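Using mature numbering (1 follows the signal peptide of the UniProt record, and there is no 0), the letters of the sequence shown correspond one by one to residues -26 to -1, 1 to 112. Don't be surprised by glycine CBs; every beta carbon is placed ideally from N, CA and C. These figures come from a predicted structure and were not determined experimentally.
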Amino acid sequence: MKKYYFIVISTLALLTCILTCQQVLADEVWTTAEYNVVYHQDRNNTAIWHYDKDGVIFIDGLAGVYTDRGSYSGYWVQDSSSVCCDTYREGADGRPTYHWGRFEIRFIDPDFPSRWQADISLCDRDPKFTWNGTPVTQ
(Lines of atoms letter the chains of each structure in order from A and count residues from 1; the text may use other names and numbers.)
(Lines give C-alpha, C1' and ligand atoms only; values in the text may rest on other atoms or scores of the structure.)
Protein backbone atom coordinates (compact mmCIF):
# COMPACT_ATOMS: atom_id res chain seq x y z
CA MET A 1 0.00 0.00 0.00
CA LYS A 2 2.83 2.41 0.86
CA LYS A 3 4.52 1.64 -2.47
CA TYR A 4 1.29 2.40 -4.37
CA TYR A 5 0.81 5.66 -2.42
CA PHE A 6 4.42 6.71 -3.21
CA ILE A 7 3.93 6.02 -6.94
CA VAL A 8 0.70 8.05 -7.08
CA ILE A 9 2.22 11.01 -5.20
CA SER A 10 5.38 10.91 -7.32
CA THR A 11 3.37 10.84 -10.54
CA LEU A 12 1.22 13.79 -9.45
CA ALA A 13 4.30 15.77 -8.45
CA LEU A 14 5.95 15.09 -11.80
CA LEU A 15 2.85 16.10 -13.77
CA THR A 16 2.52 19.30 -11.74
CA CYS A 17 6.14 20.18 -12.44
CA ILE A 18 5.78 19.53 -16.17
CA LEU A 19 2.63 21.65 -16.48
CA THR A 20 4.07 24.48 -14.39
CA CYS A 21 7.37 24.52 -16.27
CA GLN A 22 5.61 24.72 -19.66
CA GLN A 23 3.44 27.60 -18.50
CA VAL A 24 6.48 29.54 -17.27
CA LEU A 25 8.21 29.07 -20.64
CA ALA A 26 5.15 30.39 -22.46
CA ASP A 27 5.28 33.64 -20.48
CA GLU A 28 8.32 34.92 -22.32
CA VAL A 29 8.89 38.66 -22.55
CA TRP A 30 11.50 40.50 -24.59
CA THR A 31 12.42 44.14 -24.86
CA THR A 32 13.26 45.85 -28.15
CA ALA A 33 14.20 49.45 -28.91
CA GLU A 34 10.52 50.14 -29.63
CA TYR A 35 8.33 47.82 -27.54
CA ASN A 36 8.08 44.98 -25.09
CA VAL A 37 7.08 41.79 -26.90
CA VAL A 38 5.12 39.09 -25.03
CA TYR A 39 4.66 35.43 -26.01
CA HIS A 40 0.89 35.36 -25.54
CA GLN A 41 -0.35 31.94 -26.66
CA ASP A 42 -0.12 29.05 -29.11
CA ARG A 43 -2.69 28.24 -31.78
CA ASN A 44 -1.96 24.85 -33.36
CA ASN A 45 1.68 25.20 -34.53
CA THR A 46 1.62 29.03 -34.57
CA ALA A 47 3.02 31.13 -31.72
CA ILE A 48 1.14 34.38 -31.08
CA TRP A 49 3.05 37.33 -29.66
CA HIS A 50 1.74 40.76 -28.64
CA TYR A 51 3.47 44.15 -28.68
CA ASP A 52 2.41 47.76 -28.07
CA LYS A 53 -1.33 48.36 -27.73
CA ASP A 54 -2.67 46.40 -30.69
CA GLY A 55 0.28 44.71 -32.40
CA VAL A 56 0.19 40.95 -32.89
CA ILE A 57 2.81 38.66 -34.43
CA PHE A 58 1.93 35.20 -35.79
CA ILE A 59 4.99 32.91 -36.08
CA ASP A 60 4.51 29.61 -37.94
CA GLY A 61 6.16 26.51 -36.46
CA LEU A 62 7.25 28.10 -33.16
CA ALA A 63 4.39 26.93 -30.94
CA GLY A 64 5.62 24.59 -28.22
CA VAL A 65 9.29 24.93 -29.21
CA TYR A 66 11.39 25.96 -26.20
CA THR A 67 14.82 24.54 -27.06
CA ASP A 68 16.95 24.50 -30.19
CA ARG A 69 14.99 27.36 -31.74
CA GLY A 70 16.18 28.41 -35.16
CA SER A 71 14.65 30.65 -37.84
CA TYR A 72 10.93 31.11 -38.43
CA SER A 73 8.62 33.07 -40.73
CA GLY A 74 5.44 34.84 -39.86
CA TYR A 75 3.67 38.15 -40.09
CA TRP A 76 2.67 41.07 -37.89
CA VAL A 77 -0.67 42.92 -37.85
CA GLN A 78 -1.88 46.19 -36.31
CA ASP A 79 -5.06 48.26 -36.40
CA SER A 80 -3.17 50.88 -38.42
CA SER A 81 0.29 51.47 -39.89
CA SER A 82 2.07 53.83 -42.27
CA VAL A 83 1.01 51.69 -45.26
CA CYS A 84 -2.34 50.14 -46.16
CA CYS A 85 -1.57 46.89 -48.01
CA ASP A 86 -3.36 45.76 -51.18
CA THR A 87 -4.05 42.36 -49.62
CA TYR A 88 -5.18 41.41 -46.13
CA ARG A 89 -4.11 39.02 -43.38
CA GLU A 90 -5.96 37.64 -40.39
CA GLY A 91 -5.89 40.16 -37.57
CA ALA A 92 -5.77 39.59 -33.83
CA ASP A 93 -9.55 39.31 -33.64
CA GLY A 94 -9.78 36.93 -36.61
CA ARG A 95 -11.04 39.64 -38.96
CA PRO A 96 -9.10 40.81 -42.02
CA THR A 97 -6.64 43.69 -41.67
CA TYR A 98 -4.80 45.58 -44.39
CA HIS A 99 -2.08 46.72 -41.97
CA TRP A 100 0.46 43.90 -41.87
CA GLY A 101 3.93 42.85 -42.90
CA ARG A 102 6.33 39.92 -42.97
CA PHE A 103 8.22 38.94 -39.81
CA GLU A 104 11.36 36.81 -40.29
CA ILE A 105 12.93 35.86 -36.95
CA ARG A 106 16.17 34.12 -35.99
CA PHE A 107 16.84 33.05 -32.41
CA ILE A 108 20.43 33.74 -31.36
CA ASP A 109 20.70 31.49 -28.31
CA PRO A 110 19.74 27.79 -28.50
CA ASP A 111 17.66 27.62 -25.34
CA PHE A 112 15.23 29.61 -23.22
CA PRO A 113 15.57 32.51 -22.58
CA SER A 114 16.93 33.50 -25.97
CA ARG A 115 17.77 36.72 -27.73
CA TRP A 116 16.44 37.10 -31.26
CA GLN A 117 16.71 39.28 -34.34
CA ALA A 118 13.78 39.87 -36.69
CA ASP A 119 13.56 41.49 -40.10
CA ILE A 120 10.25 43.25 -40.59
CA SER A 121 8.58 44.43 -43.77
CA LEU A 122 5.58 46.52 -44.67
CA CYS A 123 3.05 44.38 -46.53
CA ASP A 124 4.88 41.85 -48.70
CA ARG A 125 7.81 44.17 -49.46
CA ASP A 126 11.49 43.69 -48.68
CA PRO A 127 12.41 44.02 -44.99
CA LYS A 128 12.59 47.62 -43.84
CA PHE A 129 13.28 47.32 -40.10
CA THR A 130 15.26 45.07 -37.80
CA TRP A 131 14.20 44.40 -34.22
CA ASN A 132 16.57 42.92 -31.66
CA GLY A 133 14.79 41.15 -28.80
CA THR A 134 16.46 40.74 -25.42
CA PRO A 135 14.81 38.55 -22.75
CA VAL A 136 13.37 40.39 -19.77
CA THR A 137 14.41 38.45 -16.69
CA GLN A 138 12.91 38.95 -13.26
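If we ignore side chains and look at the alpha-carbon of each, how far apart do C59 and R43 end up? Position 85 of the sequence shown, counted from the first residue, corresponds to residue 59. Position 69 of the sequence shown, counted from the first residue, corresponds to residue 43. Straight-line Cα distance between these residues: approximately 30 Å.
Just to confirm the assignment, what range does the beta strand (DSSP E) spanning Y46 have? By 1-based counting over the sequence shown, the position of residue 46 is 72. Counting along the chain, the beta strand (DSSP E) containing Y46 begins and ends at 45 to 51.
Assigned secondary structure, P70 (DSSP; H/G/I helix, E/B strand, else coil): The residue labelled residue 70 in the question sits at position 96 within the sequence shown. If DSSP states are grouped into helix, strand and coil, P70 belongs with the strands.
Provide the residue span of the beta strand (DSSP E) that contains Y13, from first to last. Looking up residue 13 in the sequence shown gives position 39. Segment 10 to 17, the beta strand (DSSP E) holding Y13.
Is the beta carbon of T6 less than 8 Å from the beta carbon of G75? Translated into the one-based positions of the sequence shown, residue 6 becomes position 32. Translated into the one-based positions of the sequence shown, residue 75 becomes position 101. No. Outside cutoff.
Element boundaries [beta strand (DSSP E), containing V3]: As a position in the sequence shown, residue 3 is number 29, starting the count at 1. Note, V3: beta strand (DSSP E), 3 to 5.
Alpha carbon to alpha carbon, how far is D26 from W50? Give it in angstroms, no decimals. Within the sequence shown, residue 50 is the residue found at index 76, counting from 1. Within the sequence shown, residue 26 is the residue found at index 52, counting from 1. Cα to Cα, W50 sits roughly 12 Å from D26.
Give every residue of the same chain whose Cβ lies closer than 6 Å to the Cβ of F81, excluding the five residues on either side of it in the sequence, and list them in chain order. Counting from one through the sequence shown, the residue named residue 81 turns up at place 107. Closer than 6 Å at the Cβ level, and outside the excluded window around F81, lie R43, S88, W90.
Helix, strand or coil at R99 according to DSSP, with G and I counted as helix: Against the sequence shown, residue 99 aligns to sequence position 125. Three-state result, R99: coil.
For T41 and D1, I'd like the C-alpha separation in whole angstroms. Taking the first residue of the sequence shown as 1, we reach residue 41 at position 67. Taking the first residue of the sequence shown as 1, we reach residue 1 at position 27. If I take the Cα positions, the gap works out to 15 Å.
Could you tell me which of D28, H73, R17, T20 sits nearest to V11, measuring between CA atoms? Counting from one through the sequence shown, the residue named residue 11 turns up at place 37. The shortest Cα separation from V11 among D28, H73, R17, T20 belongs to D28.
What three-state label does DSSP hand V57 in the structure shown? For the purposes of this step, residue 57 is taken as the residue at position 83 of the sequence shown. Note: V57 maps to coil in three-state DSSP.
Going by DSSP in three states, D28 sits in which element: helix, strand or coil? By one-based count along the sequence shown, residue 28 stands at place 54. It is coil, neither helix nor strand.
So what's P87 in DSSP terms, helix, strand or just coil? If you number the sequence shown from 1, residue 87 lands on position 113. DSSP places P87 in coil when its eight states are reduced to three.
Please name the residue, chosen from H73, R69, R63, Y9, that lies closest to residue 142 on a Cα-to-Cα basis. No statement about residue 142 is possible, as the shown extent of the chain runs from -26 to 112 and does not include it.
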